[in-house]
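As structure tokens, the structure follows; a few thoughts come after it.
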Amino acid sequence: MSTPQLDKTYSPHDVEDRWYQRWIDAGLFHADSTHPGQPYSMVIPPPNVTGSLHVGHALNNTLQDILVRWRRMQGRNALWMPGTDHAGIATQNVVERQLQAEGTTREALGREQFLKRVWQWKEQSGGTIISQLKRLGASCDWERERFTMDEGLSEAVREVFVRLHQDGLLYRGERLINWCPRCLTALSDIEVEHEEITGKLYTIRYALADDPAQVLLVATTRPETLFGDTAVAVHPEDERFRHLIGKRVQLPLTSRTIPIVGDSILVDREFGTGAVKITPAHDFNDFEAGERNRLNRIKILDLHAHIVSEAQFRLATKANPEVAAVLGGLPVQKARTKVEELLSDYLQEVAPHKMALGKCYRCKTVVEPLLSDQWFVKIKPLAEPAIQAVEDGRVRIIPEAWKNNYLGWMRDIKDWCISRQIWWGHQIPAWYCETCYGSPFLRRSSDGAPLIPSDAAVIVAKTKPATCPKGHSDALVQDPDVLDTWFSSALWPFSTLGWPKQTPELKAFYPTSTLVTGLDILFFWVARMIMMGLKFMGEVPFRDIYIHALVRDAEGQKMSKSKGNVIDPLHVMEQFGTDALRFTMAAMASPGRDVKLAEERIEGYRNFTNKIWNAARFLLMHLGGERVEVPAAQRSFPDRWILSCLNATIATVTHELEQYRFDRASSAIYQFIWHEYCDKYIEMIKPALKDQASEQAKTTRQTLAETFETMMRLLHPFMPFISEEIWQTLPHEGTSIVRKPYPTVRSDWDDKTAEEEFEIVTECVELTNLARLILNYPAGKRLHFKSHAKTDKLRSILNERKDLIEHLANIDGLMIGTTPETTMPHFLVLTRGSVDMLRTMEDMEPADLHKAKENVQKQIAILEKEITRTKQKLGNPEFVSKAPPDVIVDHQDRLNRETRMLNLFQQAREQIIFEQTKQQSP
RNA sequence: GGGCGGAUAGCUCAAUUGGGAGAGCGCUGCCCUUACAAGGCAGAGGUCACAGGUUCGAUCCCUGUUCCGCCUACCA
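No gaps in the numbering here: position 159 of the first sequence is 410 in the working numbering, and each next residue is one more.
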């Protein structure tokens, strides 16, 4: 019979493409709501449609794929729902850059044409990350792939918006929000990244209006906002300034005076000068202080974070004409420098100052607080149940350490600004009637979009109403803003399953089983999914949240270009194979620690794939011929041993996967395949396979095939490609490993006796190796040894395993004795645990002796040290009286072992010395 | 400012209940022994960040310190 032959080294390339295509063609990743298995479902954290695969994605999706492949093999109805999100700001940026290169703008194109362009772009380039996920082996149900801008998902968004509005959980109003002057849109609080910088703290003299000789010192980091000041605050109980409350100060560089107010919330008496300028239109704290003290808001910056035009500026701030002439239209950073110059007569001090600077998380532009009309989600009523769900364990966060992180954030959650001043996204389903309002809405100068006044009446509906409530039909204007991308992502676990329709999928797969994600989107996404899931499905969106470590991407932080440690997963897959990358990801996924990925490690696992490959080659070379299956208990010693080990590994891997310990699961597999299966088992069965026709060979071949086939199934979730490729060459049933059962523990494979005997065999082999080392024998030289066992049982084991020991230790003529023959000058004696190994001295090379003596000497020194330590401990009455008995016994055993070993080495040394003298004087 | 996590072999990381710390890569020595040199056998290498404390005994528990990272925050 002919067996397939494999190349000498594993080449992942064609294997990966070939199998992935076949899996897809056969529909193996498809989940059906009518499938009889217990559902196991996950939704993918939708990557940005603009994105491309980075190491973080690779980790995230590898772990998900391991879970879903494992559950699928367990017979569960496994659904992994894939898709992408429309990434409003990022995608719009990409297309706008294209337009810029063509010399046009989105405003020139108009909203409708622009959106067409974005869709075009999405069709052409939006699939990049999806194809990369496929490359990674992701076993998503691609037939169900979704996009947050799909019609179905868009309907879900409208439905949610309308219902939230009905329930009074949405409001529109003029608030100070975070504004990105480059993206020209509002951002939610968590879309602002804070960066610690050293800025300047300016101390400015504000003179009292009625007594210019008296000055109030005011500290600020933003002197340019001085023009928007509408008051100065001091602490009402501050003895230094209390008497000034109610008076006015002259605002420098302007003709305005502003009041001094008392505000105990805003002012920290200890900080700075104890007096704070209040700029309600440009600072969050000042905004609130402005509310408290009924202050005007003066806007001095436009949407681009430039000082408003000279005329506007003069009008609004009453700045001196020459000052307005200089500052009008300047970008805020330049304005600050200018103001610093202009203020020279008023500046008391400029000191370096550590502060946090908010930047747009998409484009890193410094954000500005901007007063504008925006939509908000009233979040507290949604957060309450989401807190409870985690508190009472309906949602488990793993590792649990992040639970407090989540709870802390949720308890202190702020209303969520959901409107974005961009075009790409779900346009807000709200309309306003110009007829009712009494006049046409203003048009935003930049793009012609209507600026809806704060007091315009809102009509919220899923589709454009035919008329307004008063019956006007011709002047309904839709809100030009779109919703935050995360608004639609928050619905992902049920919108992808067809909601608001009550689909069979929704019934079968919601709530999903597990969500695998990085900590970075715990708040952006996870928290919001829980809130929305509870609100609209009445049930948590997932049972377990597994939060994995962060692998920082090239953009930023952990992996930095300057360190040169950026790793591109595509490059890695190219170089080492997808399976090697996946296995690395799994092995590194220890909880609570960031993944710092070293390429050497991936290379190590590439070597592992090659090891597996070559083990398979060995198998195929020896599998020719009849195979006979007998019960496990009747198989050869190596067979019984490997079955028992395999069984233990199956138990470990399954248990660890249940705990989301991908690292332990993968290391158990690694340990088993390489060190038990390849190093030991394959070595042990070589003699049995030599005579192809023997009975021994027939049953061994059976075990070999059976264990390897099982091993491939065990490995498959981690290394889907090589496991399938090899599995196909082995005796097997079925068309693909993807849907074969995951191995389960079999009690008939358990064999403690075989494992114990194996320990003894290993001891003997290791002793011979040690002897070789000490005596400087080359690895290839065949030696004679004699062993001595203390008990009949041991001796019979040694007798039975004599051939095996000789084979593994590469020795000849092992003699097994009853009594130790330690008389000089015949033997060097070594012991470990239960067996002594004796080596005849007679054929030793003269040159060995000096080095041998040194080695032995070294061993003696080490042992003496250890013995002293152990003796000390056992001699301590406190230890003997207080330590648990088993610990004491353990120490006594140790002492015995060490002492015996020492004696033997001492004898060995004497023997060597004896030999030396004999050689020197023949 | 507050909170959390980390500091273990040259490097990247493990070690679930406090009883002499492991892996991979790298390094050293010897081996191309027909599955695999992307390999085999063996070896070196660690006051488990620092200082105290609890304990018969601490990498592990407690306190403090230093350094690093992350999250969070309105100290102008």
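Glycine included, every Cβ here is placed at the ideal spot set by N, Cα and C.
Rounded to the nearest angstrom, what separates Asn1061 and Gly1068 at their Cα positions? Sequence index remark: in the first sequence, residue 1061 carries index 810 (1-based). Sequence index remark: in the first sequence, residue 1068 carries index 817 (1-based). Distance between the alpha carbons of Asn1061 and Gly1068 is about 20 Å.
Going by beta carbon distance, what residues of the same chain come within less than 7 Å of Cys431, once the five residues before and after it are set aside? If you number the first sequence from 1, residue 431 lands on position 180. Here the set comprises Leu438, Cys611, Cys614, Thr616, Val618.
Where DSSP assigns a beta bridge to Tyr271, which residues make up the other side? Here the question's residue 271 lines up with position 20 in the first sequence. Beta-bridge pairing links Tyr271 to no other residue.
Is it right to say Ala464 is buried, meaning 16 or more other beta carbons lie within 10 angstroms of its own, or is it exposed? Taking the first residue of the first sequence as 1, we reach residue 464 at position 213. The residue is exposed, with fewer than 16 neighbouring Cβ atoms inside 10 Å.
Leu420 vs Lys629 beta-carbon contact at 7 Å: The residue you call residue 420 lines up with position 169 of the first sequence. The residue you call residue 629 lines up with position 378 of the first sequence. The answer is yes: Cβ separation under 7 Å.
According to DSSP, which residues form a beta bridge with Tyr453? For the purposes of this step, residue 453 is identified with residue 202 of the first sequence, where counting begins at 1. Paired residues: Thr471, Val601.
Spatial neighbours of Phe1130 within its chain, please: C-beta separation below 7 Å, excluding the five flanking residues on both sides. Numbered from 1 along the first sequence, position 879 holds the residue referred to as residue 1130. Lys1124, listed in sequence order.
Any idea if Gly207 is buried or exposed, counting beta-carbon neighbours within 10 angstroms, 16 or more meaning buried? Outside the shown range of the chain, which is 252 to 1173, sits residue 207, and nothing can be said about it.
Please go through the same chain and pick out, in chain order, the residues whose beta-carbon is closer than 7 Å to the beta-carbon of Asn898, but skip the five residues on each side of it. By 1-based counting over the first sequence, the position of residue 898 is 647. Excluding sequence neighbours, Asn898 sits near Val996, Arg997, Trp1000, Asp1001.
Tell me whether the beta-carbon of Ile853 lies closer than 7 Å to the beta-carbon of Ala831. As a working mapping, residue 853 is identified with position 602 in the first sequence. As a working mapping, residue 831 is identified with position 580 in the first sequence. Contact flag set, yes.
Three-state secondary structure (DSSP) at Leu742? Here residue 742 corresponds to residue number 491 of the first sequence, with the count starting at 1. Leu742 falls in the coil class under three-state DSSP.
N-terminal and C-terminal residue of the alpha helix (DSSP H) that Lys631 is part of: Against the first sequence, residue 631 aligns to sequence position 380. 631 to 642 is the span of the alpha helix (DSSP H), which, as asked, contains Lys631.
Rounded to whole angstroms, what's the CA-CA distance from Cys434 to Glu347? Just pull it up for me. As a working mapping, residue 434 is identified with position 183 in the first sequence. As a working mapping, residue 347 is identified with position 96 in the first sequence. Roughly 10 Å separates the two Cα atoms.
What would DSSP say about Ala805, mapped onto helix, strand or coil? Position 554 of the first sequence, counted from the first residue, corresponds to residue 805. Model confidence at Ala805 stands at a pLDDT of 37, short of 50, so the residue's coordinates are unreliable; what they give is reported in the following sentence. Ala805 falls in the coil class under three-state DSSP.
Any idea which residues DSSP pairs Glu619 with across the strands? Indexing the first sequence from 1 puts residue 619 at position 368. Note: Glu619 sits in a beta bridge opposite Trp430.
Considering only the beta carbon of each residue, do Ser303 and Thr379 sit closer than 7 Å? Locating residue 303 in the first sequence gives position 52, counting from the first residue. Locating residue 379 in the first sequence gives position 128, counting from the first residue. Contact: yes.
Can you give the Cα-Cα distance for Gly541 and Trp660, rounded to whole angstroms? One-based indexing of the first sequence puts residue 541 at position 290. One-based indexing of the first sequence puts residue 660 at position 409. The alpha-carbon atoms of Gly541 and Trp660 are separated by roughly 27 Å.
Quick one: Cα of Arg695 to Cα of Asp643, how far? Sequence index remark: in the first sequence, residue 695 carries index 444 (1-based). Sequence index remark: in the first sequence, residue 643 carries index 392 (1-based). Their backbone Cα atoms lie some 49 Å apart in a straight line.
Roughly how many whole angstroms lie between the Cα atoms of Ser697 and Leu552? As a working note, residue 697 is residue 446 in the first sequence. As a working note, residue 552 is residue 301 in the first sequence. Rounded to whole angstroms, Ser697 to Leu552 spans 15 Å at the Cα level.
Give the straight-line distance between the Cα atoms of Arg886 and Thr313, rounded to the nearest whole angstrom. Locating residue 886 in the first sequence gives position 635, counting from the first residue. Locating residue 313 in the first sequence gives position 62, counting from the first residue. Those two C-alpha atoms are separated by around 38 Å.
Can you grab the Cα-Cα spacing for the pair Val1138 / Ala277, in whole Å? As a first step, residue 1138 is located in the first sequence; it is residue number 887 there, counting from the start. As a first step, residue 277 is located in the first sequence; it is residue number 26 there, counting from the start. Val1138 and Ala277: Cα-Cα distance of roughly 58 Å.
Report the option in Arg1046, Tyr932, Asp489, Trp864 whose CA atom is closest to the CA atom of Ser262. In the first sequence, residue 262 corresponds to position 11, counting from 1. Looking at the Cα atoms, Trp864 is the closest of the given residues.
Distance CB(Pro755)-CB(Ser376) smaller than 7 Å: Reading the first sequence from its first residue, position 504 is the one you call residue 755. Reading the first sequence from its first residue, position 125 is the one you call residue 376. Result no, Cβ atoms of Pro755 and Ser376 do not sit closer than 7 Å.
Buried or exposed: which applies to Lys259, given that a residue is buried once 16 or more other Cβ atoms fall within 10 Å of its Cβ? Taking the first sequence and counting its residues from 1, one reaches residue 259 at position 8. Flag for Lys259 reads exposed.
Pro510: first and last residue of the uninterrupted beta strand (DSSP E) it sits in: For the purposes of this step, residue 510 is taken as residue 259 along the first sequence, with counting starting at 1. That run of the beta strand (DSSP E) goes 508 to 513.
Coarse secondary structure for Gln910, derived from DSSP in three states: Start at 1 with the first residue of the first sequence, and residue 910 comes out as number 659. DSSP places Gln910 in coil when its eight states are reduced to three.
Thinking just about the alpha-carbon of each residue, which of Pro744, Leu330, Arg322, Asn861 is nearest to the one in Trp393? Here residue 393 refers to the residue found at position 142 of the first sequence. Nearest C-alpha to Trp393: Leu330.
Which same chain residues end up closer than 7 Å to Arg565 when comparing Cβ atoms and leaving out the 5 residues on each side of it in sequence? What you label residue 565 is simply residue 314 of the first sequence in a count that begins at 1. Answer for Arg565: Pro572, Ala575, listed in chain order.
Can you give the Cα-Cα distance for Gly479 and Thr508, rounded to whole angstroms? Within the first sequence, the letter at position 228 stands for residue 479. Within the first sequence, the letter at position 257 stands for residue 508. Rounded to the nearest angstrom, the two C-alpha atoms are 12 Å apart.
Could you check the C-alpha separation between Pro1097 and Glu1007 for me, to the nearest Å? The count along the first sequence starts at 1 and reaches residue 1097 at position 846. The count along the first sequence starts at 1 and reaches residue 1007 at position 756. Bear in mind that the predicted position of Pro1097 carries a pLDDT of just 49, short of 50, making it unreliable; the figure below should be weighed with that in mind. Spanning the two alpha carbons is a distance of roughly 38 Å.
Cα-Cα separation between His906 and Ala916, rounded to whole angstroms: Locating residue 906 in the first sequence gives position 655, counting from the first residue. Locating residue 916 in the first sequence gives position 665, counting from the first residue. Looking at the two C-alpha atoms, the distance is approximately 8 Å.
Secondary structure at Phe775, three-state DSSP: helix, strand or coil? Sequence index remark: in the first sequence, residue 775 carries index 524 (1-based). Here Phe775 sits in helix by DSSP.
My output table needs one value for Ser917: the three-state DSSP class, helix, strand or coil. As a first step, residue 917 is located in the first sequence; it is residue number 666 there, counting from the start. DSSP places Ser917 in helix when its eight states are reduced to three.
I need the boundaries of the beta strand (DSSP E) containing Ile710, first residue and last residue. In the first sequence, counting from the first residue as 1, residue 710 sits at position 459. Note, Ile710: beta strand (DSSP E), 709 to 711.
Mind pulling the alpha helix (DSSP H) runs of 4 or more residues that sit fully within the stretch 278 to 349? 306 to 324
Given Val345, which residues of its chain have a CB within under 6 Å of its CB, disregarding the five upstream and five downstream residues? To locate residue 345, count along the first sequence from 1; it is residue 94. Once the five neighbours on either side are set aside, the close Cβ partners of Val345 are Thr301.
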